[in-house]
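See structure below.
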Amino acid sequence: MGILKGLKILDFSALIPGPMATMIFADLGAEVIHVESSKRVDLTRIMPPYDEDHEAYIHQHLNRSKKSLTLNLKSPEAVEIVKSLVQEYDVILEGFRPGVMQRLGIGYEALKEVNPKIIYCAITGYGQTGPYSNRPGHDNNYLSLAGVLDYSRHKDKKPVSMGIQLADIAGGTMHAAIGVLAAALHREKTGEGQYVDISMTDAVFSLNAMYGSAYIGGDRVPQPEQEILNGGSYYDFYKTKDGRFFSVGSLEPQFRKLLCEALDIPELIDNTFNDSYYTQIRFKEAVHDAFLSKTYEEWLEVFNENFEGCVEPVLTFPEACKHPQLQARDMIVEIPKNDGTTQKQIASAFKFDGYKPVYKHVGAKLGEHNEELLSALGYSAEKIAALQENGVLE
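Mapping of the sequence shown onto numbering that gives the first Met the number 0: position 335 corresponds to residue 334, and the numbering continues sequentially without gaps.
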């Protein structure tokens with residue numbers, strides 16, 4: 000039994016931001032129906048690699064424990080099905096451009112008439128208002144406009160495309176999850192529903208907490224490789240003799256001392272952040288040269304599990320999967336499949352006292368739960384077959 004048992008969510012989203020948010024809710028025990036369409040294919044369903052049933056691993060991860068209902072939302076009968084579900088569901092989450100759900104007849108105002116307590120969360124690139132509200136975009140576009148990428152790069156180099164989707168996940172997913180839960184708490188206190196407008200650009204703009212506040216408050220423009228945490232200090236990544244890398248985050252004096260001792264540069268222990276820029280660069284060069292003197296494996300011996308100076312190896316993802324810390328935290332789990340086997344997936348990061356994550360099954364096949372869900376609403380087998388034939392169940 001999950002900590003969110005009883006929370007019921009209709010998810011109209013696709014790709015990563017919305018589905019990952021509702022995956023978090025499902026992992027914590029919420030009941031989630033993913034409303035999909037065979038005519039509007041979710042790209043995560045067709046991104047390789049695939050399992051033996053040609054189902055994409057990415058989709059099976061992001062949509063685990065959810066039921067799949069396929070509807071042609073342009074059909075009046077499909078709209079009636081949604082409104083029937085909304086009578087007993089708590090949350091709507093969608094990722095269409097502004098105005099799409101309203102035109103379909105299932106926007107916030109229409110659904111609030113059916114269920115005044117409904118919480119409606121819309122995730123978009125730029126929000127429901129403003130000159131860019133209907134502009135298409137992707138993760139790198141939102142990061143660009145939010146002022147993040149310009150100072151998050153090397154001098155005279157282009158920004159680097161990251162392996163994780165920062166705007167989608169830290170911006171869309173996490174802010175949507177927090178917004179929905181805040182609205183749910185508000186509803187518990189007042190009985191009122193809520194419309195939650197999540198702009199991924201707004202969200203990642205707010206992540207400029209350190210250097211953004213320094214500019215807005217003190218007019219200091221952040222520059223590439225000029226700030227303490229973006230490569231302007233020895234807080235950085237260093238290449239080993241054989242081409243691997245280590246991260247150095249030894250900012251505090253006690254950690255810096257341990258770093259200097261480990262690198263055999265004790266003469267630099269007394270350097271501080273108040274030293275001149277020239278002295279800071281010299282210290283960074285000394286750290287750089289020291290790392291080049293040994294191989295990755297040799298440095299692993301130095302920076303072992305007993306070292307407490309904030310230095311860690313830059314692991315490949317397969318190495319991270321095998322790391323004892325992540326294994327001890329059970330961050331890879333076995334998720335049930337319909338054929339009785341299991342599939343390994345990344346686990347929920349949430350740990351509660353007395354509640355464990357709920358992993359019902361991998362992401363469902365398209366429309367897998369149509370009959371089950373419609374039967375629960377009172378539709379007969381004949382009526383369901385007619386809906387299928389008439390293209391309502393897409």
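Using N, Cα and C, we set each Cβ at its ideal position, and we do this for glycine too.
Closest to residue i by CA distance: which of the options is it?
{"i": "Lys66", "options": "Arg219, Leu184, Thr21, Asp149", "result": "Thr21"}
{"i": "Ala29", "options": "Glu311, Thr200, Gly1, Glu87", "result": "Gly1"}
{"i": "Asn337", "options": "Gly17, Met46, Gly5, Ser64", "result": "Ser64"}
{"i": "His153", "options": "Gln344, Phe306, Phe236", "result": "Phe236"}
{"i": "Glu112", "options": "Val85, Leu6, Cys120, Arg96", "result": "Val85"}
{"i": "Gln164", "options": "Gly98, Pro16, Ile177, His58", "result": "Pro16"}
{"i": "Asn369", "options": "Thr341, Gln387, Arg134", "result": "Gln387"}
{"i": "Lys364", "options": "His60, Tyr277, Ser212", "result": "His60"}
{"i": "Tyr295", "options": "Pro252, Lys240, Ala208, Phe282", "result": "Lys240"}
{"i": "Ile91", "options": "Ile8, Gly171, Gly362, Gly390", "result": "Ile8"}
{"i": "Ser232", "options": "Ser275, Ile197, Ile32, Leu262", "result": "Ser275"}
{"i": "Glu251", "options": "Cys259, Phe244, Phe245", "result": "Cys259"}
{"i": "Ala176", "options": "Pro18, Glu35, Phe245, Tyr234", "result": "Pro18"}
{"i": "Gly170", "options": "Ala182, Ser151, Val147", "result": "Val147"}
{"i": "Ile122", "options": "Ile57, Pro75, Ala166, Asp218", "result": "Ala166"}
{"i": "Lys157", "options": "Pro223, Ala13, Gln101, Ala182", "result": "Pro223"}
{"i": "Ile339", "options": "Val159, Tyr277, His360, Ile168", "result": "Residue 339 is actually Gly in this sequence, not Ile. Checking every option, the nearest Cα to that of Gly339 belongs to His360."}
{"i": "Phe316", "options": "Val286, Asp263, Ile345, Gly230", "result": "Ile345"}
{"i": "Lys343", "options": "Asp50, Ala13, Leu14, Ser12", "result": "Asp50"}
{"i": "Arg243", "options": "Ile383, Tyr378, Glu297, Ala380", "result": "Glu297"}
{"i": "Phe351", "options": "Arg328, Thr341, Glu367", "result": "Arg328"}
{"i": "Gly230", "options": "Ser292, Asp263, Thr189, Ile280", "result": "Ile280"}
{"i": "Ala13", "options": "Asn62, His174, Ala77", "result": "Asn62"}
{"i": "Asp288", "options": "Glu191, Tyr131, Lys238, Glu108", "result": "Lys238"}
{"i": "Phe245", "options": "Phe254, Ile80, Leu299, Pro75", "result": "Leu299"}
Cβ atoms of residue j and residue i: under 7 Å apart, would you say?
{"i": "Leu110", "j": "Val203", "result": "no"}
{"i": "Val220", "j": "Val310", "result": "no"}
{"i": "Thr69", "j": "Ala145", "result": "no"}
{"i": "Glu393", "j": "Ser37", "result": "yes"}
{"i": "Phe24", "j": "Leu3", "result": "yes"}
{"i": "Ser249", "j": "Gly308", "result": "yes"}
{"i": "Asp26", "j": "Pro312", "result": "no"}
{"i": "Ile268", "j": "Lys256", "result": "yes"}
{"i": "Asp89", "j": "Leu184", "result": "no"}
{"i": "Gly126", "j": "Ser198", "result": "yes"}
{"i": "Gly390", "j": "Asn71", "result": "yes"}
{"i": "Val406", "j": "Asp10", "result": "Within the shown structure, residues of the chain are numbered from 0 to 393, placing residue 406 beyond reach of any answer."}
{"i": "Ser83", "j": "Leu373", "result": "no"}
{"i": "His58", "j": "Gly362", "result": "yes"}
{"i": "Ala208", "j": "Gln193", "result": "no"}
Return the Cβ separation of residue i and residue j in integer angstroms, given the expectation that the two are a contact with Cβ distance under 8 Å.
{"i": "Gly106", "j": "Gly124", "result": "With a Cβ gap of about 18 Å, Gly106 and Gly124 do not count as contacting."}
{"i": "Tyr358", "j": "Ile334", "result": "5 Å"}
{"i": "Asn139", "j": "Pro97", "result": "Contact flag wrong, Cβ pair sits at about 21 Å."}
{"i": "Arg186", "j": "Lys116", "result": "6 Å"}
{"i": "Tyr119", "j": "Val195", "result": "7 Å"}
{"i": "Phe290", "j": "Ala261", "result": "With 8 Å as the limit, Phe290 and Ala261 do not qualify as a contact, their Cβ atoms being about 11 Å apart."}
{"i": "Tyr150", "j": "Glu226", "result": "7 Å"}
On the DSSP bridge list, what partners appear for residue i?
{"i": "Ile2", "result": "Answer by DSSP bridge pairing: none, since Ile2 is not bridged."}
{"i": "Thr341", "result": "Pro335"}
{"i": "His33", "result": "Asp10, Ser67"}
{"i": "Tyr237", "result": "Phe245"}
{"i": "Ile118", "result": "Val90, Gln193"}
{"i": "Val310", "result": "Val247"}
**Q.** Every unbroken alpha helix (DSSP H) inside the stretch 120–204 [4 residues or more]
**A.** 138–144, 173–189
Q.
Suppose only complete runs of 3+ residues qualify. What are the beta strand (DSSP E) ranges in the stretch 43–92, listed by chain order?
A. 66–69
Q) In chain order, which continuous runs of the alpha helix (DSSP H) of length 4 or greater are located wholly inside the stretch 249–287? A) 252–262
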